[in-house]
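Residue numbers (my numbering), protein chains in the order written: chain A, 315 to 393; chain B, 315 to 393; chain C, 23 to 166; chain D, 23 to 166. Ideal Cβ positions, reconstructed from N, Cα and C, are used throughout, including at glycine. Source: prediction; values computed, not measured. This report concerns only the one structure given below.
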Amino acid sequence: MHVQVRFFASLREKAGFAERRLEVPAGTTVAEVWAQALPGEPLPDNVLAARNMEYVALDSPVQEGDEVAFFPPVTGGER
Amino acid sequence: MHVQVRFFASLREKAGFAERRLEVPAGTTVAEVWAQALPGEPLPDNVLAARNMEYVALDSPVQEGDEVAFFPPVTGGER
Amino acid sequence: MSVEVLESGFDPWAKLAGYHGGGEGREKSGATAVFVGTMRDFNEGDEVHGMLLEHYPGMTERHLEKISVEARGRWELDDSLIVHRVGELQPGDPIVLVAVWSAHRKAAFEACRWLMEELKSRAPFWKKEQLSDGSRWVEHNTEG
Amino acid sequence: MSVEVLESGFDPWAKLAGYHGGGEGREKSGATAVFVGTMRDFNEGDEVHGMLLEHYPGMTERHLEKISVEARGRWELDDSLIVHRVGELQPGDPIVLVAVWSAHRKAAFEACRWLMEELKSRAPFWKKEQLSDGSRWVEHNTEG
C-alpha cells in the first residue's frame, strides 16, 4: 500500500525533502514509516506525528492513502 | 472646624443633597460626620467612606478642611 | 500608563489602535492582554434598557492610577491602559477597557485580570439601571 | 466562531473592530477577553531581526477549530476568534490574536488564556529566528 510522508520545520531540513510517496507493507506503523523514509536516521525523542492531520502515537498502524507527518515540538503564539 | 461632606449614588438620593459644608468639633470622627449630616439616619452596614479621596475607616478622626465622602458598595466594570 | 474616565461613548478597538503609551518600546512587549466590558441588556432576570454610571470625580481617577502603579509593582509590565465610561449608557455600549503590555503572557493575563477585580471591588463607580417599570441602583457586583 | 491563518500582516484592533461573528447578539456578552502576541526583537539573549513562521496547512486550521469548539464546551462562551500569522515576520509584527466573548468575565479570561496555552502547546506552527549570524529553529516554547 502507499502512504504520503511529510516533514516540517527542522525535520524537513534534516530530511532534505518536504514530502514523498512511499510504498509500505500492510501493518506498517507510524515509526516504521519514519524508518523507511529516512533509513538509518534515529527517530528524535521529542518528535510529534500526525496521521491524516490528527496527532497519533508512533506505534499506530497506517492505512492505504494515509498522510503521515513528522514534526518537532510546536512553537506558535507570541515570543 | 469645617469639613465638606459628600454623598454618592443611592446615599445621595437618601440624603437629598450631594454635598454640604459642616461645622464640627475638634476630634470628630468620620462616623460622627455622618451623624451630624443626617441626624437620626443610621449608618448603613455596607457604607464606604473616603477622606480626601482615600478610603478611610469610620472611626478615623477628621481635620479642618477635609472632604468626607460616603457611598454604597461600588459597582463599576462590566455587567 | 494611562487612565481615562469618559463622559461619552468610546470604541475600545479604536482606543487601542490609537494608544501609543510612553514610547516604551512595544517591540519588547510580546504580550498584550485586554478586557472589554460592555453593557448587557439583562440583569437578575430583568431587561435593562439603559444605565446611568455615576463616579466620584478625582477619587476615581486617583484610584485607577493607584491600582495601575500597584500592578506594575506586582508584575513585570511595560505599560497599562484603563478607560471607563460614566454617564448615560445604552445596551451594547462599552463600559470598561483594561489593557496590559508585558514581555510575558502570564504577567499580562494575570495583571489584566487583577486590575479588573480591583477596579470592580474598589473604584468609586455606581450603576443605576433603567428597567421597564422604573430604575434601581445596582447593589451587588458580579462575581469574578 | 472563526479561525484564520494569514500569510500577510494584520492589525489586531482592526480585526476586532471588523469582526461581527455569527450574529449571536453581542449585547448579551458583557465580557470580551483578548490576547495579542507580537514578535519580540530579542530571545534567549540574542537580538532577533526577523522570523519565519511555518505551519501545516490544513492541520493547523483544523487544530485551532478543534480547540475553539472545546473551549465552548468548557466555558459558557458566546463567540471566539483566533487569528495567527505565518510567513516572514519583522519585530513588532502581530503573531497571534485570540478573542473570547462571554456573559461573564471569569469565563472570558479563563477561556482566552486556555486557548493560548493550547495553541502554543499543540497547534502545528514552527518559528525560525533570523539572528545577526544566521538562523535557528526555536526548539522550546515560552512558559505560560
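Could you say which of D:H42, D:W35 and D:G40 lies nearest to G40 of chain C if we only look at CA atoms?
Numbered from 1 along the third sequence, position 18 holds the residue referred to as residue 40 of chain C. For the residues D:H42, D:W35 and D:G40, the minimum Cα distance to G40 of chain C belongs to D:W35.
Say whether chain D places a C-beta atom closer than 8 Å to the C-beta of G391 of chain A.
Residue numbering aside, residue 391 of chain A sits at position 77 when the first sequence is read from its first letter. It does; some Cβ of chain D falls within 8 Å.
Going by beta carbon distance, what residues of the same chain come within less than 8 Å of C134 of chain D, once the five residues before and after it are set aside?
Numbered from 1 along the fourth sequence, position 112 holds the residue referred to as residue 134 of chain D. Once the five neighbours on either side are set aside, the close Cβ partners of C134 of chain D are A55, V56, F57, V120, A121 and V122.
Would you list, in chain order, the members of the segment 342–362 of chain A that have their beta-carbon closer than 7 Å to a beta-carbon of chain D?
none
Quick one: is S143 of chain D near chain C, going by C-beta distance under 8 Å?
As a first step, residue 143 of chain D must be located in the fourth sequence, where it is residue number 121. No, no contact with chain C.
Of all Cβ atoms in chain D, is any one closer than 8 Å to the Cβ of W136 of chain C?
For the purposes of this step, residue 136 of chain C is taken as the residue at position 114 of the third sequence. Judged by the 8 Å Cβ criterion, W136 of chain C is not in contact with chain D.
Considering Cα atoms alone, identify which of A:E368, A:Q377 and A:G354 is closest to P339 of chain A.
The sequence position of residue 339 of chain A within the first sequence is 25, counting from 1. Among A:E368, A:Q377 and A:G354, the Cα nearest to that of P339 of chain A belongs to A:Q377.
Alpha-carbon spacing of N404 of chain A relative to D373 of chain A, whole angstroms
The requested residue 404 of chain A does not occur in the structure, where chain A is confined to residues 315 to 393.
Is it the case that the Cβ atoms of E381 of chain B and M367 of chain B are separated by a distance below 8 Å?
Reading the second sequence from its first residue, position 67 is the one you call residue 381 of chain B. Reading the second sequence from its first residue, position 53 is the one you call residue 367 of chain B. A contact, by the Cβ cut-off of 8 Å.
The alpha helix (DSSP H) spanning P34 of chain C covers which residue range?
To locate residue 34 of chain C, count along the third sequence from 1; it is residue 12. Segment P34 to G40, the alpha helix (DSSP H) holding P34 of chain C.
Residues bridged to K149 of chain C by DSSP?
For the purposes of this step, residue 149 of chain C is taken as the residue at position 127 of the third sequence. DSSP output for K149 of chain C lists C:L75 as bridge partner(s).
Where T342 of chain A sits in the DSSP three-state scheme:
Taking the first residue of the first sequence as 1, we reach residue 342 of chain A at position 28. In the structure shown, T342 of chain A sits in coil (DSSP, three-state: anything other than H, G, I, E or B).
Against chain C, does G45 of chain D count as a neighbour if the rule is that its beta carbon must be under 8 Å from one of theirs?
As a working mapping, residue 45 of chain D is identified with position 23 in the fourth sequence. For G45 of chain D, the pLDDT reaches just 48, beneath the cut-off of 50, and the residue's location in the model is therefore unreliable, although a value from the coordinates is still provided. Not closer than 8 Å to any Cβ of chain C, the Cβ of G45 of chain D fails to qualify, so no.
Within chain D, partners of A364 of chain A - CB distance below 8 Å:
For this step, residue 364 of chain A is matched to residue 50 along the first sequence. The contacting residues are Y78, M81 and P146.
Which chain D residues are close to P387 of chain A, counting only those with a beta carbon under 8 Å from its beta carbon?
If you number the first sequence from 1, residue 387 of chain A lands on position 73. Residues of chain D passing the Cβ test: E161, H162 and N163.
In or out: K328 of chain A buried (at least 16 other Cβ within 10 Å) or exposed?
Residue numbering aside, residue 328 of chain A sits at position 14 when the first sequence is read from its first letter. Flag for K328 of chain A reads exposed.
Chain B residues whose Cβ lies nearer than 7 Å to that of T60 of chain C:
Walking along the third sequence from the start, residue 60 of chain C turns up at place 38. Those are E392, listed as they occur along chain B.
Exposure label - S90 of chain C; buried when at least 16 CB within 10 Å
Along the third sequence, one-based indexing puts residue 90 of chain C at 68. When all chains shown are included, S90 of chain C counts as buried.
Run of the alpha helix (DSSP H) containing V388 of chain A, from where it starts to where it stops:
As a position in the first sequence, residue 388 of chain A is number 74, starting the count at 1. Here V388 of chain A belongs to no alpha helix (DSSP H), and DSSP marks it neither H nor E.
Spatial distance of R62 of chain C from Q152 of chain C (CA atoms):
One-based indexing of the third sequence puts residue 62 of chain C at position 40. One-based indexing of the third sequence puts residue 152 of chain C at position 130. Roughly 12 Å between the two C-alpha positions.
Check V91 of chain C in the structure and name its three-state DSSP category.
For this step, residue 91 of chain C is matched to residue 69 along the third sequence. In the structure shown, V91 of chain C sits in a helix (DSSP, three-state: H, G or I).
Would you say S51 of chain C faces chain D, with C-beta separation under 8 Å as the test?
To locate residue 51 of chain C, count along the third sequence from 1; it is residue 29. True, the Cβ-Cβ gap to chain D drops below 8 Å.
Cβ-based neighbour list, G72 of chain D, same chain, cut-off 7 Å, excluding 5 preceding and 5 following
The residue labelled residue 72 of chain D in the question sits at position 50 within the fourth sequence. Correct list, in chain order: E110, L111, Q112 and Q152.
If I measure Cβ to Cβ from R320 of chain B and keep anything under 6 Å in the same chain, skipping five residues before and after, which residues do I get?
Within the second sequence, numbered from 1, the residue matching residue 320 of chain B stands at position 6. If we look at R320 of chain B and ignore the five residues flanking it on each side, its Cβ neighbours are E333 and A383.
Quick one, which of C:G80, C:E132, C:P116 and C:K88 has its alpha-carbon nearest G59 of chain C's?
Counting from one through the third sequence, the residue named residue 59 of chain C turns up at place 37. Comparing Cα positions, the closest option is C:P116.
Status (buried if at least 16 other CB within 10 Å, exposed otherwise) for F385 of chain A
Start at 1 with the first residue of the first sequence, and residue 385 of chain A comes out as number 71. Looking at its Cβ environment, which holds 16 or more other Cβ atoms inside 10 Å, F385 of chain A is buried.
Taking one C-beta from the segment 96–109 of chain C and one from the segment 74–81 of chain C each time, how about it: are there three or more such pairs within less than 8 Å?
yes
Chain C contacts from the segment 115–129 of chain D (Cβ-Cβ distance under 8 Å)
A125, H126, R127 and K128
Can you name the residues that DSSP bridges to L28 of chain D?
For the purposes of this step, residue 28 of chain D is taken as the residue at position 6 of the fourth sequence. In the DSSP output, where bridge partners are listed per residue, L28 of chain D has D:R107.
Buried or exposed: where does D68 of chain D fall if 16 or more other Cβ atoms within 10 Å of its Cβ makes it buried?
Locating residue 68 of chain D in the fourth sequence gives position 46, counting from the first residue. That one is exposed.
For F331 of chain A, which option in A:H316, A:L352, A:M315 and A:G341 has the closest C-alpha, if you only look at C-alpha atoms?
The residue given as residue 331 of chain A occupies position 17 in the first sequence. Considering only alpha carbons, the answer is A:L352.
Bridge partners for D101 of chain C per DSSP, in chain order?
Within the third sequence, numbered from 1, the residue matching residue 101 of chain C stands at position 79. In DSSP, D101 of chain C forms a bridge with C:W123.
Under 8 Å, Cβ to Cβ, is there at least one residue of chain C near S324 of chain B?
Along the second sequence, one-based indexing puts residue 324 of chain B at 10. So, interface residue.
Using DSSP with H/G/I as helix, E/B as strand and the rest coil, what is L336 of chain A?
On the first sequence, position 22 is the one that residue 336 of chain A refers to. Of the three classes helix, strand and coil, the one that applies to L336 of chain A here is strand, per DSSP.
Would you kindly check if the distance between the Cβ of S102 of chain D and the Cβ of S51 of chain D is under 8 Å?
Sequence index remark: in the fourth sequence, residue 51 of chain D carries index 29 (1-based). Sequence index remark: in the fourth sequence, residue 102 of chain D carries index 80 (1-based). Not in contact: S51 of chain D and S102 of chain D (Cβ atoms no closer than 8 Å).
Name the one or two DSSP bridge partners that E378 of chain A has.
Start at 1 with the first residue of the first sequence, and residue 378 of chain A comes out as number 64. None; E378 of chain A has no bridge partner.
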